[in-house]
Structures are given as structure tokens and as C-alpha cells.
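Okay, so here's the structure we're looking at.
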Amino acid sequence: MRFLFSLIFITFFVLSPSLVFALSWQESPELKPLFTELGIKEGTFVLYDVNENILKGYNKKRAETRFIPGSTYKIPNALIGLSVGAVKNVDEVLPYGGQPQPIKAWEHDMSLRDAIKMSNVPIYQELARRIGLINMWKLLDKLNFGNDEVLKPLMHRRKGLGVVAIDRFWLDGPLKISAVEQVEFLKRLALGELPVDKEIQQSVREILKLEQGENWALFGKTGAVDKYNPSLGWWVGWVEKEGRVYIFALNIDMLDNTYFERRISLGKNCLKKLGVLP
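Written out as C-alpha cells, the structure reads:
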């Protein structure tokens, strides 16, 4: 029995990506003033230098804490949708549903390419409904994105019936992921190592490109979650620079709407301070 337990433990240790990714952490105290300068009291920034195989950043405890991913989930959502044929490609136009939206720019049918740029929630909700519960569940587990949880029973006020929020689980939970897990996932995407067709990974990388300059390119996706008080803001992505790859993930507490822009400003400042962006 003791041998069997040891074998199970060793097998789990070897196969569990979260344990395999237990890299050493290098605290970067020079990042803390960047948070203070922008009036951000609570947050974390993680940089994974793929070449050096080390994690650098600020606030390790928070970096290892799982939060709801918000619109950063549009990345695995797109990968899964393309993999199961819910859309033909990133340029196929999806309907937004015709309902009033909190952001007027979302009230248009559009492709995954265009929708990801403005973080159009209803377009990616339509994608999730087309994917379906079983496909979402199976492929999300293969991608190893955070806790991999899709199902959340929502109790009907009168009847007590459970329903499945296939188009809300990344906005309300139960899906959660830490900043450290974000960089682990994005590292595999950036290097084309996910268990997904290579062409699909390339298509998703392409629609995530934000900026580029001489010998460098920046890829990323924002996210916001209003289920926390205060709200949570994400910015995750990677930088390709002179043949090297740097993966990053940031999350902060957002006290008001001005913090939406502060996420990106802070992230870029951190990347510059660490010598990743010019």
C-alpha cells in the first residue's frame, strides 16, 4: 500500500504542469514604486524570462493567488472555438445577439479578430455557446488553464433548479487562474507548445499582437472582473525581442474607471524597468 501511494504521488508530481512549473522566484523591488506612482495600492506583476527560466516580479503571494480571469479567457476561448470548428477562422463574423450592451461599440456583429481588440464580450459568449459544455470542458482541461472549472450551478430563486452558465463562467467564476499560471499558459502559446493545432495557435497569436518596433513585438490581452470589491484588472501577454521571449501577467485592484488605462501603463512601465521594452 505504501508503495502504491508513493507511485501515485510520484506520478502526480511528474505529470502535474503546475508542479513542474515551480520555478524559482526573484523579487524585483524596483517595481514597487511603479505601482505607487500610478496610485495602485494592491497588485502584482510577473515576468517569465523563458531563456533564463526564472520568474521575476512584485508581490509573490498575490502572483500565486487565483482570481477569475475575465476577458483574458478570450485567449483559450478562441483556441477552443477554432479547434472544435465553432468558427472557421478568426475572420468569420459572429452575431452579438441584438441586445443593448454596456459598451456601444459591442453592439455589432464581428469576427474574433475584431472582437478581441475591443474585448467584445457578447461575441465571445456566442462563441462559447457554439462550443458547448462538453467540448469546452474537455479542451479546457487539456489546456490546463488555472483550475479548469467550467460548471457553476446557479440556483433558481423559486424552483431551486441548477443551470449551467456556459457563457459566464470566466466572468463570474468558478474558473480562476493566478498570474503565475497565466504566464505558464501563455509561454506554451507563445512557443506553440499547447495541445492544439499549430496553425490555430499561430492564428490566435496573430490577433493578440498589439505593437511592434525594430526587433521587438508586444502581444497582450486585458481583462476586468466586477465580482470583486474593488474590481480586478488583468493585463497578460508576452514580448518577442531579438530572438528571446518574455511572458508577463499583471493584475491590480481597480477603484474606478481610470484604472482600465492604468493596467497597461503599469505593465509597460514594469516591462521597461526590467529591460524588456525599449
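Numbering (this note's numbering), first residue to last: 1 to 278.
Where is the CB? At the ideal position from N, CA and C, for every residue including glycine.
Legend entry - Delimiting residues of the alpha helix (DSSP H) encompassing Ala115: 112-117
Legend entry - Sequence-distant residues of its chain with Cβ nearer than 8 angstroms to Glu193 (five each side left out): Lys187
Legend entry - Cβ-based neighbour list, Ala63, same chain, cut-off 7 angstroms, excluding 5 preceding and 5 following: Thr44, Val46, Gly57, Ser178, Ala179, Val180
Inset, instruction - Excluding the 5 residues preceding and the 5 following Gly198 in the sequence, name in chain order all residues of the same chain whose CB lies nearer than 8 angstroms to its CB. - result: Here residue 198 turns out to be Lys, not Gly, going by the sequence shown. Excluding sequence neighbours, Lys198 sits near Gly192.
Inset, instruction - Can you check the region 46-90 for any alpha helix (DSSP H) of at least 4 residues that lies completely inside it and give the ranges in chain order? - result: 60-63, 74-84
Inset, instruction - Pick helix, strand or coil for Asp253, following the three-state DSSP scheme. - result: strand
Inset, instruction - Within the same chain, show all residues whose beta-carbon is closer than 7 angstroms to that of Lys159, passing over the 5 residues directly before and after it, in chain order. - result: The predicted model places Lys159 with a pLDDT of 47, which falls under 50 and marks its position as unreliable; any figure quoted below should be read in that light. So no residue of the chain qualifies.
Legend entry - Beta-carbon proximity check, Phe185 vs Leu143, cutoff 9 angstroms: yes
Inset, instruction - Name the two residues that bound the continuous alpha helix (DSSP H) containing Phe260. - result: 259-273
Inset, instruction - Report yes or no: do the region 254-263 and the region 230-239 share at least 3 C-beta pairs separated by less than 8 angstroms? - result: yes
Legend entry - Contacts around Asn77, its chain only, beta-carbon distance under 7 angstroms, and the 5 residues preceding and following it disregarded: Tyr124, Leu127, Ala128
Inset, instruction - Consult DSSP for Val276 and reduce its assignment to one of helix, strand or coil. - result: coil
Inset, instruction - Say whether the region 233-249 touches the region 67-75, bearing in mind that this needs 3 or more beta-carbon pairs closer than 8 angstroms, one atom from each stretch. - result: yes
Legend entry - Nearest to Asp148 (by Cα), restricted to the options Arg66, Pro102, Pro29, Asn51: Arg66
Inset, instruction - Inspect the beta-carbon positions of Val121 and Glu206 and report whether they are closer than 9 angstroms. - result: no
Legend entry - Nearest to Leu271 (by Cα), restricted to the options Asp49, Gly39, Glu42: Asp49
Inset, instruction - Answer with buried or exposed for Arg263, where buried requires no fewer than 16 other C-beta atoms within 10 angstroms of its C-beta. - result: buried
Inset, instruction - Starting from the N-terminal side, write out each stretch of the alpha helix (DSSP H) that is 4 residues or longer and does not extend beyond the region 171-203. - result: 179-190
Legend entry - Option nearest Leu208 by Cα separation, candidates Ala115, Phe35, Ala86, Trp25: Ala115
Inset, instruction - Can you say whether Gln105 is buried or exposed, counting buried as having 16 or more other CB atoms within 10 angstroms of its CB? - result: The question names Gln, but residue 105 in the sequence shown is Ala. Ala105 comes out exposed.
Inset, instruction - State buried or exposed for Met136, treating a residue as buried only when at least 16 other CB atoms are found within 10 Å of its CB. - result: buried
Legend entry - Opposing strand residues paired with Val93 [DSSP bridges]: Ser111
Inset, instruction - For Ser231, write down the residues that DSSP places opposite it in a beta bridge. - result: Met254
Inset, instruction - Check Gln99 in the structure and name its three-state DSSP category. - result: coil
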